[in-house]
Amino acid sequence: MTTAILTADGERALRARSSGDASAITLFPALAFMAAFFVYPLCDILWKSVSQPRLGMQNYVWFFTNDVNVAVSLRTFWTALIVSVVCLVLAYPYAYVMSTARPRMRILLLAIVLTPLWTSLMVRTLAWIVLLQDTGVINDVLERLGIGRLQLIRTTTGVIIGMAQMLMPFMVLPLYSVMSKIDGNLQLAAQSLGARPSVAFWRVYVPLTKPGIFAGTLTVFVLSLGFYIIPALLGSPRNTMISAMIQQQVSGLLQWGRGSAMGVVLLISTLLVVAVFMRLSRGLRLDGVGRP
Amino acid sequence: MKKNKWLVTALALMPVFCGSANAAPVAGEVAPNSLAGQTIVFASSGGILQDGQKQAIWDPFQKESGATVLQDSGVFSKLKAMVDGNNVTWDLFVGDRYLSYQHCGELFEKVDRSVVDLSQIPEGLVSDECMIPAIIYADIMVYDADKYPEAPQSWKDFFDVEKFPGKRGVNMSSDPMTALIVGALLADGVAPDKLYPIDFDRAFNKLRSIEDHLVGWTTGAQAQQQLESGEVSIALVWNGRGFGAAKAGHNIKPIWNDWMVAVDSVSIPKGSKNVAAAQAGLNYYLGAKQTERLAELTSYAPVNVNAKPQLSDLAKQWIPDTERFKTSHNPDVKWWSEHWQEFADRWSAWISGN
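These protein sequence lines map, in sequence, to chains A and L. Okay, so the first sequence: first residue is 0 according to numbering that gives the first Met the number 0, each after it adds one. Okay, so the second sequence: first residue is 0 according to numbering that gives the first Met the number 0, each after it adds one.
Quick look at the structure:
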């Protein structure tokens, strides 16, 4: 059954590829747009990073010899990793319920996940400040419950809560799209062959959702790397991420060479992460998900 | 008829020629209708300051000079992009004096002293040839008088967490604050006349010694909010923010000892298309009446020695006036500007916990 689906997918992909020549003209506007507004600025950034204030690699030498830059970069990747894991843990059961719910319920669940995307970033972040601050709603409730007040705002926890909420849709949607295509009978079949429900879930269901897990985690991780406003408003200066450091160099100090070099380093390390993910997900298909 | 017209024109032009030949410029004056039809763009930092500047300076300037003044919000990196790209749309820019010093001649035009009268500016505020002061404010220690019956007096007290327990609010934004470094050095026993060259190691070590008692703020609004919510008991803030908290009914008091003079600047971007009109605008900005009105609207101190703003009793407690200058520190703008990069690197290391 799954094999049949994959084959159909493959055939569709092949057909799309063969009609590529004819669509070259229709691609042109988008490519021209990307060249003018993405490729050219990117080249300019690359050039600035080795030419300002003078030709040479001084900006990169500065970046890697400065402890703060290295520490903040590591912190940025670490924060992105935690956010990805938190999103995955929360989104997985949610997407599962969505994939099994009746249509009306499914639409409601989808709307709940998408609402944050339709709300202005600033409004949402300020709402989090109101909720998380020392004298905020959450702390008032905690105190009334006898748990006592927690320091939530200006901590890593606060930053992760804010970022995870914002990025949740990017995890839920790919998971849901994969889960909705999984045949529920597969788990029943596993159980009829003697697997306990938990074994059927972990050995049959979860591996089938791996493409969704990879797609969602990668998207959330990469998007997390560039976060700026949420760490600034919900975190302390000790939660600074690399985008804030770039902003300081570009806007505060007018050191565009340094700012550009930081951007290039961030871009390259992100590409490396993507490459690693691609490698892992290719191995996944070789694992033989759905293959005979 | 025709003859009359010539005569009128000649008479009208006379003061212009005579003016440029003899009379020195007078701060706050502009020849009536001399800029009719011209447009200048004023880029400032928005909020209460820019509203005040528009009302106190540019509205009357438009009426008197005939020029049109457009408002825009100014960002320093955008200014650099404009100058680098040879497409400067701003004619006046509000920035700070460290950046003005570092980029005078490169990003900014020189102030033309034959047009702009600098003689009424309080002493020590013109730090390079490309700027005039826009406003004076204070980087100042403030405290919660409900928490300390006995008022803290000095930077030593600010760092004395036993005599004055409680959290301290300090600037931890990415924009470094010279006052905190000077304060740390004074608290550590450096004599006021021995501050320069600044010993960064000593200053940051002093700050690290009370690390657990510090709460960082990154915006003025946040600094004020920390005072109002009672999260901090003593703080280094901009005087406007302490005033804001006091005006909102909180028992916050300023400490006018060892406060640091802070100045925003107005400059003409290099490559401005209306340099002459912009120079005339700078001269008008410095008038006693104009700066007086600006001070009344914003509670920032005027940059003309003859300005006598009418302030509320509360505002009077919070404005850096002539008397208070005697207990202030005016930063050595030249030294700081020449070491700004190093300062910024050290500062980022400190705020990010390294």
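Where a beta carbon is used, it is the ideal one built from N, C-alpha and C, also for glycine.
Cβ-Cβ separation, residue j to residue i (assumed contact under 8 Å), whole Å
i	j	result
Tyr365/L	Pro319/L	Only positions 0 to 353 of chain L appear in the structure, and residue 365/L is not among them; the question remains open.
Gly46/L	Gln289/L	19 Å between Cβ atoms; not a contact.
Asn68/A	Phe76/A	The pair is not a contact, with the Cβ atoms about 13 Å apart (cut-off 8 Å).
Val112/A	Met167/A	6 Å
Asp116/L	Leu235/L	In fact, because the Cβ distance is near 35 Å, the residues do not count as touching under 8 Å.
Where residue i falls, given that 16 or more other Cβ within 10 Å makes a residue buried
i	result
Cys86/A	buried
Cys103/L	buried
Asn58/A	buried
Tyr175/A	buried
Tyr142/L	buried
Met261/A	buried
Cys129/L	buried
Trp201/A	exposed
Ala110/A	exposed
Gln309/L	exposed
Gly73/L	buried
Arg167/L	buried
Phe342/L	buried
Leu125/A	exposed
Met140/L	buried
Reduced DSSP secondary structure (H/G/I, E/B, other) of residue i
i	result
Ser242/A	helix
Cys103/L	strand
Thr321/L	helix
Ala260/A	helix
Met81/L	helix
Gly215/L	strand
Lys205/L	helix
Lys252/L	strand
Ala247/L	coil
Trp89/L	coil
Pro196/L	coil
Lys1/L	With a pLDDT of 47 at Lys1/L, under the threshold of 50, the predicted position of this residue should be treated as unreliable, though the coordinate-derived value follows. Correct three-state label for Lys1/L: helix.
Gln70/L	strand
Leu26/A	helix
Gly251/A	helix
Ser266/L	strand
Gly94/L	strand
Leu151/A	coil
Asn21/L	With a pLDDT of 49 at Asn21/L, under the threshold of 50, the modelled position of that residue is not reliable, and the figure given next carries that caveat. Residue state, collapsed to three classes: coil.
Phe60/L	helix
Thr2/A	Because the pLDDT at Thr2/A is just 39, under 50, the model does not fix this residue reliably, and the point stays unresolved.
Phe62/A	helix
Met162/A	helix
Ser228/L	coil
Ser44/L	coil
Leu235/L	strand
Given residue i as reference, the closest of the options once Cα atoms are compared
i	options	result
Asp66/A	Gly55/A, Val273/A, Met244/A, Thr156/A	Met244/A
Val125/L	Val262/L, Glu161/L, Gln70/L, Leu91/L	Val262/L
Val383/L	Leu91/L, Glu28/L, Val141/L, Asp95/L	With chain L covering only 0 through 353, there is no way to say anything about residue 383/L.
Thr239/A	Ile24/A, Met277/A, Phe226/A, Met261/A	Phe226/A
Pro175/L	Tyr142/L, Asn256/L, Trp216/L	Trp216/L
Gly165/L	Val214/L, Gly248/L, Ala23/L	Val214/L
Leu279/A	Thr269/A, Lys209/A, Ser250/A, Pro230/A	Lys209/A
Val231/L	Ser76/L, Gly94/L, Val189/L, Asn170/L	Asn170/L
Ala277/L	Gln61/L, Ala22/L, Ser298/L	Gln61/L
Val177/A	Ala194/A, Ala214/A, Leu151/A	Ala214/A
Gly248/L	Met259/L, Leu117/L, Gln223/L	Gln223/L
Leu224/A	Ile44/A, Leu80/A, Ala70/A	Leu80/A
Leu302/A	Ala22/L, Leu78/L, Asn353/L	Because chain A spans 0 through 291 in this model, residue 302/A falls outside it and cannot be assessed.
Phe324/L	Val260/L, Phe342/L, Ser173/L, Asp312/L	Val260/L
Val264/A	Ala34/A, Ser22/A, Ile44/A, Leu30/A	Ile44/A
Trp335/L	Ala190/L, Phe199/L, Pro59/L, Asn273/L	Phe199/L
Gly270/L	Pro121/L, Leu69/L, Phe107/L	Phe107/L
Gln119/L	Ile131/L, Gly239/L, Ser298/L	Ile131/L
Asp127/L	Val115/L, Ile139/L, Val110/L	Val110/L
Leu285/L	Glu295/L, Pro268/L, Val304/L	Val304/L
Lys193/L	Val181/L, Asn204/L, Phe203/L	Val181/L
Ala314/L	Asp344/L, Thr326/L, Asp257/L, Pro253/L	Pro253/L
Gly280/L	Gln316/L, Asn250/L, Asp58/L	Asp58/L
(message) Going residue by residue through the stretch 64-103 of chain A, where are the continuous beta strand (DSSP E) segments of at least 3 residues, counting only ones entirely within it?
(response) none
(request) Go through the stretch 101-186 of chain L residue by residue and report every complete run of the alpha helix (DSSP H) that reaches 4 residues or more, in order. (result) 154-158, 177-186
(request) Starting from the N-terminal side, write out each stretch of the alpha helix (DSSP H) that is 4 residues or longer and does not extend beyond the stretch 280-334 of chain L. (result) 287-297, 312-317, 321-324
(request) With a floor of 4 residues, list each alpha helix (DSSP H) that falls wholly inside the stretch 164-224 of chain A, ordered by position along the chain. (result) 184-191, 196-199, 209-224
(message) Could you tell me which whole alpha helix (DSSP H) segments of length 4 or greater appear in the stretch 107-143 of chain A?
(response) 120-131, 136-143
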